[in-house]
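Undergrad: Pasting a structure here, questions to come.
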Amino acid sequence: MKIKRFFAKDMRSAMTQVREAFGADAVIMSNKKVTGGVEVVAAMDYELEADGRSQYSELSRTNQSSFDASMSNNTILAAPKEDALEAAHLKKSSTPAVSSNKPQRQPVDDATVDSLKALLERQSQRLKREEAAELENKPSPLPGGEAPNKNLPAWAKSLERNTKSSRPPLKPVSEHGSAINETVTQDLGQMKAEMKSLRSLLTHQVNTLMQDQKQRENPLCCMLEKHLIESQFSDVIAARLSEMAARYEPEVMIDQLPKLLANMISIQRDDIVRQGGVVALVGPTGVGKTTTLAKLAARYAAQQGADKLGLITTDHYRIGAFEQLATYGRIMGCAVKKATNEKELEQALYQLRTRHLVLIDTAGMSQRNMQLSQQLDNLMANPNLPIRSYLVMSGVAQRQVAMDIVNKFQRIPLSGCILTKLDEAIDIGGVLSVLIEQDIGLSYVTNGQRVPEDLNLVDPDALAQKALEMILAQKPKEKSVHWSHNLVEEY
């Protein structure tokens, strides 16, 4: 590809220079007014396939028509200042506009966007063809391209060995041929690097053009998406929320946000205290698994009785882990067992088989700890054990950390999630984004250290209100039809 910048006193002269330099297949990437005339950036793909030239010529004719339109626009811009001021005054009086101190970008026509997309697609196809050709040129593992067959009987394997020994040895490649291959490999590597860089540049330009178009068509939606991202929501969730909110009138758009977000949160209706069974709490270190287990156990003992409750700990890494759980067991009057491997876990569950609810406290490990996989495998070693695993995750976790935790702990089937430390969290938009994107249902939330008071079933409306506190705080207390326009001006 060849890219060149042209300067001329007007658009007609610039078009003439482009045609003389690149011909009818030139692709215009940008054009703007500069001091003394206009500046046009054009590109020429000089490696077009023969069967595709007609399609690209048609695209060039489309670009030519867009040039003529741009030329006419520049002719209008070259009118006297008095006419321009009068036209601007008439436009302002006829259509309401949102005032903004920031300069607006010049709109880009659809033909330019289409040409960039077509150019990006051609570069991608050429890169795929080169990679396929490189794979075809790789030498086969055996002479003649034969693949080894491990399923051959013994007599056939001996025959194959004799056949290989009778073949003449391969001639070594000459130094001259080796140097040529090395040069070709270097050229291909350099070409791939250049095409990768060009692809990245074109992708960025296309995304910028599409974002500019979105800002022109719906600036309020773009403003809302920006504030959602600042509240730690992911780009995907922020875009979905802003698009749904844009269906409402600007005066009620912000009021509808909590309801829209609450509908996106998945709720796990599995009440552990009511349903019972064997439940294991898993999660990284320091998220409050043991305290959450004590809250669940205390609530169950108060409602159903301690004689129907059993506790098991598999944490033999932390000092005093069993003693802490045993203390809770003595206070509530329920049985407490310890298991260090899958065999002891099976024995403990057999001993507690008459209990309606058995809670398992697992060792807290970082999601990057190699021993985590072994612990999760031990927990699910026996498929006959009906263990339901709940991921305990802190509400103060950043979005990238929460995504890493979910990816590691999804090694085992997760029945739900318990969100802790909401009293310490400021922005929970990141954690909620991960749970929504991964479709993990929330069961309980905790907001303190009190046992069992600070344990509640999930209220999606309350979670949505907390996640959107920063955005809701920007809305004025008195309703005004102009408050949304003021936010757009800030944007």
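In terms of the working numbering, the sequence shown is residues 2 to 492.
Each residue gets a CB set at the ideal place from its N, CA and C atoms; glycine is no exception.
All values derive from a computational prediction rather than experimental measurement.
1) DSSP on A299, reduced to helix/strand/coil?
2) In three-state terms, what does DSSP make of T186?
3) Would DSSP call E250 helix, strand or coil?
4) Can you tell me where the alpha helix (DSSP H) holding L443 begins and where it ends?
5) With 16 other CB atoms within 10 Å as the buried threshold, where does S235 fall?
6) Check each candidate in I406, I332, V407, S125 and name the one with the smallest Cα separation from L199.
7) Take V359 and list the residues in its own chain whose beta-carbon comes closer than 6 Å to its own, dropping the five residues that flank it on each side.
8) Take R270 as the anchor and find which of G417, L128, S14 has the nearest alpha-carbon.
9) State the DSSP-derived secondary structure class of V288, mapped to helix, strand or coil.
10) Rounded to the nearest angstrom, how far is the Cβ of A340 from that of T315, given a contact under 8 Å?
11) Look at the Cβ atom of G284, then the Cβ atom of L392, and state whether they are nearer than 8 Å.
12) List the endpoints of the continuous alpha helix (DSSP H) containing T341.
13) Which whole-angstrom value describes the C-beta separation of M45 and D26, a residue pair presumed to lie in contact below a C-beta threshold of 8 Å?
14) Taking Cβ to Cβ, would you say M471 is nearer than 8 Å to V435?
15) Taking its Cβ as the centre, do 16 or more other Cβ atoms sit within 10 Å of D362, making it buried, or is it exposed?
16) What does a CB cutoff of less than 8 Å around L229 pick up in its chain, not counting 5 residues either side in sequence?
17) Would you give the residue range spanned by the alpha helix (DSSP H) that E438 belongs to?
18) For T286 and L294, I'd like the C-alpha separation in whole angstroms.
19) I'd like the list of long-range same chain contacts for L121, defined as Cβ closer than 8 Å, with 5 residues on each side in sequence excluded.
20) Give me the DSSP bridge partner(s) of C418.
21) What are the partner residues of I472, as DSSP defines its beta bridges?
22) How many angstroms separate the CA atom of R248 from the CA atom of R389?
23) Whose C-alpha, out of S444, T17, V28, is nearest the C-alpha of A119?
24) Answer with buried or exposed for T447, where buried requires no fewer than 16 other C-beta atoms within 10 angstroms of its C-beta.
25) Find the nearest neighbour of T36 within the set M30, F8, F23, V42, judged by alpha-carbon distance.
26) Please return the same chain residues whose Cβ sits closer than 7 Å to the Cβ of Q18, not counting the five positions on each side in sequence.
27) Mapping DSSP to helix, strand and coil, what is R270?
28) What is the residue span of the alpha helix (DSSP H) that R13 lies within?
29) Grab me the residues of E226's own chain with a C-beta within less than 7 Å of its C-beta, minus the 5 sequence neighbours each way, in chain order.
30) Is DSSP giving T328 helix, strand or coil here?
31) Should V397 and E425 be called a contact, given that it needs their Cβ atoms to be closer than 8 Å?
32) Report the three-state DSSP secondary structure of E122 (helix, strand or coil).
33) If you check the beta carbons only, do G442 and I273 fall under 8 Å apart?
34) Buried or exposed: where does P259 fall if 16 or more other Cβ atoms within 10 Å of its Cβ makes it buried?
35) Decide if H483 is buried, meaning its Cβ has at least 16 other Cβ atoms within 10 Å, or exposed.
36) Would you please state the rounded distance, in angstroms, between the beta carbons of I4 and V41? I believe it to be under 8 Å.
TA: Based on what the coordinates show:
1) helix
2) In the three-state DSSP reduction, T186 falls in the helix class (H, G or I).
3) coil
4) Counting along the chain, L443 falls outside any alpha helix (DSSP H), though it belongs to the beta strand (DSSP E) covering 443-447.
5) buried
6) S125
7) V279, G311, L353
8) G417
9) coil
10) Contact flag correct, Cβ pair sits at about 5 Å.
11) yes
12) Looking at the DSSP string, T341 is not in any alpha helix (DSSP H), and its letter there is neither H nor E.
13) Approximately 7 Å separates the beta-carbon atoms of M45 and D26; this is inside 8 Å, confirming the contact.
14) no
15) buried
16) I238, A239, L242, S243, G430, I472
17) 430-439
18) The straight-line gap from Cα to Cα measures roughly 14 Å.
19) Close CB contacts of L121 within its chain, under the 8 Å cut and outside five residues either way in sequence, are with R200, L203, T204, V207 (chain order).
20) L392, L443
21) Looking at the DSSP output, I472 bridges to nothing.
22) 40 Å
23) V28
24) Classification for T447: buried.
25) F8
26) F7, A9
27) coil
28) 12-23
29) A239, A240, S243
30) helix
31) yes
32) Note: E122 maps to helix in three-state DSSP.
33) no
34) buried
35) Any answer about H483 is weak, because its pLDDT of 45 lies below 50 and its placement is not dependable; what the coordinates show is given next. Classification for H483: exposed.
36) That belief does not hold up - the Cβ atoms of I4 and V41 are roughly 11 Å apart, past 8 Å.
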